[in-house]
Amino acid sequence: MALNAPPKNSSAPAGPEKNQTQKVEMESIQDTMDGKARSFRERPDEQPQPAQTAPPPPRTPPGPSPHGIDSGSSPFIADSARLRKDSTLRINMTPSLFRRFFSPAITALLALALLTLLYRMAAPSIPRMRLLMTAKTYLTNISQGKYDKAYELLSANSKTACSLEDYLKNSRDYYANVPAWQFRDIQVFTINKDAAMVRYQLKEGTAEWKHDYISFVREHNRWVRPYIWGLFGPINEAIKSQDFSQALFLAQKLYLTDPMDPRSSGFLCSAEFHMGLYDKASESCRRAIDGAAVYPVGYSDEDLYWFNFYYAESLRYMQRDSEALPEYEKLMKWPGLTAKEQCPLFLSRADSYIHLKDYPRALRDVMSAEGACFENPEMTEAKKRLARLSGAAGAEAVAFAQKSRFQAGIPPIAEARRRQLEAMREQLGPQKAKFLPRDQWLAVHLAGPEYKVFLRQEALDPRTRQKETKDVFVFHVNLWTGKAQVENAAPQAAAPENSKQ
2 MALNAPPKNS SAPAGPEKNQ TQKVEMESIQ DTMDGKARSF RERPDEQPQP
52 AQTAPPPPRT PPGPSPHGID SGSSPFIADS ARLRKDSTLR INMTPSLFRR
102 FFSPAITALL ALALLTLLYR MAAPSIPRMR LLMTAKTYLT NISQGKYDKA
152 YELLSANSKT ACSLEDYLKN SRDYYANVPA WQFRDIQVFT INKDAAMVRY
202 QLKEGTAEWK HDYISFVREH NRWVRPYIWG LFGPINEAIK SQDFSQALFL
252 AQKLYLTDPM DPRSSGFLCS AEFHMGLYDK ASESCRRAID GAAVYPVGYS
302 DEDLYWFNFY YAESLRYMQR DSEALPEYEK LMKWPGLTAK EQCPLFLSRA
352 DSYIHLKDYP RALRDVMSAE GACFENPEMT EAKKRLARLS GAAGAEAVAF
402 AQKSRFQAGI PPIAEARRRQ LEAMREQLGP QKAKFLPRDQ WLAVHLAGPE
452 YKVFLRQEAL DPRTRQKETK DVFVFHVNLW TGKAQVENAA PQAAAPENSK
502 Q
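For the sequence shown, position 197 matches number 198 in our numbering, and the numbering has no gaps at all.
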């Protein structure tokens, strides 16, 4: 008897085929997060819901499904179908995940940008705040007699130039004769990257409040106080004894210690001018003038006058006459100017006019100088310059041409001409001495200090027995600049060497 297999129960779930591929469900990260970290393996199996709209699949004969499992009987139909279509794992970057991972980084970047912006806004004020704090600390220590504490705030150059013992002694000696004082309202007056000036209100005893100033320099990224009082005395003594090299050395040291104080530039101005360093003097004098205009340091009108005078003279010596003339104009209007002080101004301004070829104005200034210069050597110089400009210096022009040389190492022109005539006399002999030329020097005024000088000879022609006149040399002489040029000369002659008489 043959045994037949029992009929397959269609209601029972189909078992897995032998060759059926195992399928794995991949749940989205969002579902995992919403389930509060509960794994899908812990969830109860859900019964498949029959399709409501789709018609039931046609009945097929018993046997394995073409795909191993009935597609309509799988509870994981959606995930299984997705895995078959695309086997690549995909992570759904939801907004919640983006915020979790990227919000801290964005917050940090925004905070950093905000801090950078705030720093850039506050950075320019940081040096000013530090300056005000240093100034307040220094003034407080001085006003309370804590000179040792104040010494700690001095610059390195100041401490090198002044020991603690000297600083304490100088401070005690000075403030012993000064009534008790107080300060208030500290403000930054001017500041740059290397130095600054602070203005504050000072009250000494029962006196009224007044403005006072104190300077600071920046050293190793901190503000310190320059102390220069100890250098004033030695510099003044060096200038008084005309030891200008020593005065220049000390003035340079003073300026390196406190470049903001106009007195530093003032001492440099005087020392550099008397040393003939006119390019440096013009810069130092200009700084002293400008600084004294905004920073009262107790300069008298006479001090300021000499700074302006040294500045104008330095410009003139550098042949910057167009810049020097306005400075002389300002000096001419100086209050209370005496005739003695006017004398060098007239002579100097005339010199600038001469170099600019403005001879009429130069003549007027020289005439004014003659009336203002009552002492030598200025009085003699004024008369000499007046003669040159007025055309009365013909003899001086001739003498200048005679003493000029064609080149270095040869005799002057007048001496060379005399030797030439002596040689001709010996060559002619006593019988023909009448044919020897006779020279005559003449000068004609051109303009200002310029003259034309002629060396003219008169000789008897042996053939015609007639006298002939000939210009051997014609010179263009400028008595003010001390230069001469040859306009007409014998072929063997050259231009005379420039000289100053």
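Backbone N, C-alpha and C fix where the C-beta goes; we use that ideal spot for every residue, glycine too.
Is residue i helix, strand or coil when you go by DSSP?
| i | result |
| --- | --- |
| residue 473 | strand |
| residue 406 | strand |
| residue 486 | strand |
| residue 210 | coil |
| residue 140 | helix |
| residue 296 | coil |
| residue 280 | helix |
| residue 444 | strand |
| residue 130 | helix |
| residue 154 | coil |
| residue 331 | helix |
| residue 261 | coil |
| residue 376 | coil |
| residue 187 | strand |
| residue 13 | Model confidence at residue 13 stands at a pLDDT of 48, short of 50, so the residue's coordinates are unreliable and nothing is read from them. |
| residue 228 | coil |
| residue 466 | coil |
| residue 411 | coil |
| residue 389 | helix |
| residue 285 | helix |
| residue 193 | coil |
| residue 266 | helix |
| residue 222 | coil |
| residue 323 | helix |
| residue 242 | coil |
At the level of alpha carbons, what is the spacing between residue i and residue j?
| i | j | result |
| --- | --- | --- |
| residue 396 | residue 484 | 16 Å |
| residue 388 | residue 443 | 17 Å |
| residue 254 | residue 224 | 19 Å |
| residue 510 | residue 261 | Nothing about residue 510 can be reported from this structure: the residues present for the chain run from 2 to 502 only. |
| residue 320 | residue 416 | 35 Å |
| residue 479 | residue 341 | 28 Å |
| residue 353 | residue 268 | 26 Å |
| residue 195 | residue 218 | 6 Å |
| residue 201 | residue 363 | 49 Å |
| residue 284 | residue 249 | 14 Å |
| residue 153 | residue 143 | 12 Å |
| residue 198 | residue 216 | 4 Å |
| residue 209 | residue 128 | 31 Å |
| residue 109 | residue 130 | 29 Å |
| residue 155 | residue 306 | 33 Å |
| residue 470 | residue 280 | 52 Å |
| residue 221 | residue 147 | 24 Å |
| residue 286 | residue 333 | 18 Å |
| residue 390 | residue 369 | 13 Å |
| residue 252 | residue 308 | 15 Å |
| residue 378 | residue 386 | 12 Å |
Less than 8 Å between the CB atoms is what I'm expecting for residue i and residue j, so what's the real figure, rounded?
| i | j | result |
| --- | --- | --- |
| residue 351 | residue 367 | 5 Å |
| residue 235 | residue 206 | Rounded, the Cβ-Cβ distance is 32 Å, inconsistent with contact. |
| residue 402 | residue 454 | 4 Å |
| residue 476 | residue 486 | 7 Å |
| residue 413 | residue 405 | 7 Å |
| residue 298 | residue 263 | 5 Å |
| residue 265 | residue 259 | 5 Å |
| residue 132 | residue 229 | Actually they are not in contact, since the Cβ atoms of residue 132 and residue 229 sit about 19 Å apart, beyond 8 Å. |
| residue 183 | residue 204 | 5 Å |
| residue 473 | residue 456 | 5 Å |
Would you give the residue range spanned by the alpha helix (DSSP H) that residue i belongs to?
| i | result |
| --- | --- |
| residue 303 | 302 to 318 |
| residue 366 | 360 to 373 |
| residue 424 | 414 to 429 |
| residue 351 | 340 to 356 |
From the beta carbon of residue i, is the nearest beta carbon of chain B less than 8 Å away?
| i | result |
| --- | --- |
| residue 360 | Looking at the structure shown, chain B is missing, and only one protein chain is on hand. |
How is the beta strand (DSSP E) around residue i delimited, first residue to last?
| i | result |
| --- | --- |
| residue 452 | 451 to 461 |
| residue 168 | Counting along the chain, residue 168 falls outside any beta strand (DSSP E), though it belongs to the alpha helix (DSSP H) covering 165 to 177. |
| residue 435 | No beta strand (DSSP E) contains residue 435, which DSSP labels as neither H nor E. |
| residue 147 | Careful: residue 147 lies outside any beta strand (DSSP E) and carries neither H nor E. |
| residue 181 | Here residue 181 belongs to no beta strand (DSSP E), and DSSP marks it neither H nor E. |
| residue 200 | 196 to 205 |
Taking 7 Å as the line, does the beta carbon of residue i fall inside it for any heavy atom of the ligand SAH?
| i | result |
| --- | --- |
| residue 435 | Looking at this structure, you won't find the ligand SAH or any other ligand, since it has none at all. |
- Query: At a cut of 8 Å, does the segment 342 to 349 reach the segment 363 to 382 through at least three beta carbon pairs?
  - Reply: yes
- Given 8 Å, three or more beta-carbon pairs between the segment 156 to 166 and the segment 181 to 193: no
- Message: Under 8 Å: do the segment 410 to 427 and the segment 459 to 466 share three or more Cβ pairs, one atom per stretch?
- Response: Short answer: they don't touch.
- Decide yes or no for the touch test of the segment 315 to 334 against the segment 291 to 304: beta carbon pairs closer than 8 Å, at least 3 of them. Under the Cβ criterion (8 Å, minimum of three pairs), the segment 315 to 334 does not count as touching the segment 291 to 304.
- Message: Check whether the segment 239 to 252 and the segment 168 to 175 touch, using three or more Cβ-Cβ pairs below 8 Å as the test.
- Response: At 8 Å Cβ cutoff, the stretches do not touch.
- Would you check if there are 3 or more beta carbon pairs closer than 8 Å linking the segment 310 to 317 to the segment 266 to 279? yes
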